[in-house]
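Residue numbers (the UniProt record's numbering): 1 to 191.
All residues carry an ideal CB built from backbone N, CA and C; glycine is no exception.
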């Protein structure tokens with residue numbers, strides 16, 4: 001959550017008074033008028049939206065919509081980086097080649113992992129509470145649940161995230177066919 005709060009703080013610091021006024025107007029259906037009058041900064045607004053469950057680390061859709069409406073592409077780019085890489089800090093990311101390998105591995109795992117996905121998620125260190133959050137956010141989409149598990153793992157691992165570790169964890173779960181498919185796809189990328 002700390003990284004997400006840091007992102008919101010950065011976004012808040014980049015908002016001018018006109019941006020804040022427009023954001024407050026756009027939140028008129030979600031925040032009572034009296035509360036809106038007491039909001040004097042972006043951080044106040046984001047805190048209120050988090051309390052109401054409109055935005056969170058796993059639910060940035062409303063924030064994206066707000067930033068799109070006020071035409072702040074620069075802030076949308078920060079949000080994109082956060083969603084893709086966690087904190088968005090480039091020095092804590094795997095190199096470009098490894099990111100490409102991870103993206104490929106994620107796709108293959110999502111396409112091939114079935115009912116055992118929770119066992120795999122626990123093996124890579126995802127907590128049951130986090131699994132419940134992911135399932136609540138995407139109740140009928142197992143592929144998206146698996147993708148969110150993998151993205152969470154990548155955020156936690158930071159620079160240490162690599163496809164070889166995912167293959168090793170798949171094998172530890174006796175998901176050898178999925179591991180073989182990932183390995184094969186990565187080898188075809190290198191040729």
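Beta-bridge partners of residue i, as assigned by DSSP
i, result
"residue 59", "56"
Coarse secondary structure for residue i, derived from DSSP in three states
i, result
"residue 47", "helix"
"residue 12", "helix"
"residue 95", "coil"
"residue 105", "helix"
"residue 176", "helix"
"residue 160", "helix"
"residue 30", "coil"
"residue 68", "helix"
"residue 116", "coil"
"residue 110", "helix"
"residue 88", "Note on residue 88: pLDDT 47, under 50, position unreliable in the model; no value is reported."
"residue 134", "helix"
"residue 141", "coil"
"residue 191", "coil"
"residue 167", "helix"
"residue 125", "coil"
Close-in-space but distant-in-sequence residues of the same chain around residue i (CB under 8 Å, 5 per side omitted)
i, result
"residue 189", "100, 101, 104"
"residue 56", "4, 50"
6 Å Cβ shell around residue i - same chain, five flanking residues per side excluded
i, result
"residue 137", "58"
"residue 88", "Model confidence at residue 88 stands at a pLDDT of 47, short of 50, so the residue's coordinates are unreliable; what they give is reported in the following sentence. Counting only Cβ-Cβ distances below 6 Å, and skipping sequence neighbours, we find 81, 82."
"residue 214", "The displayed coordinates of the chain run from 1 to 191. Any statement about residue 214 would go beyond what the structure contains."
"residue 22", "70"
"residue 207", "Here the chain has residues from 1 to 191 only, and residue 207 is not among them."
"residue 16", "none"
"residue 98", "162"
Same chain only: Cβ atoms within 7 Å of residue i, ignoring 5 sequence neighbours per side
i, result
"residue 208", "With the chain covering only 1 through 191, there is no way to say anything about residue 208."
"residue 12", "41, 42, 43, 46"
"residue 110", "143, 146, 147"
When the Cβ atoms of the region 65-73 are set against those of the region 138-145, are three or more pairs found closer than 8 Å? no
How about the region 172-188 and the region 115-126: do they share at least three Cβ pairs that are nearer than 8 Å? yes
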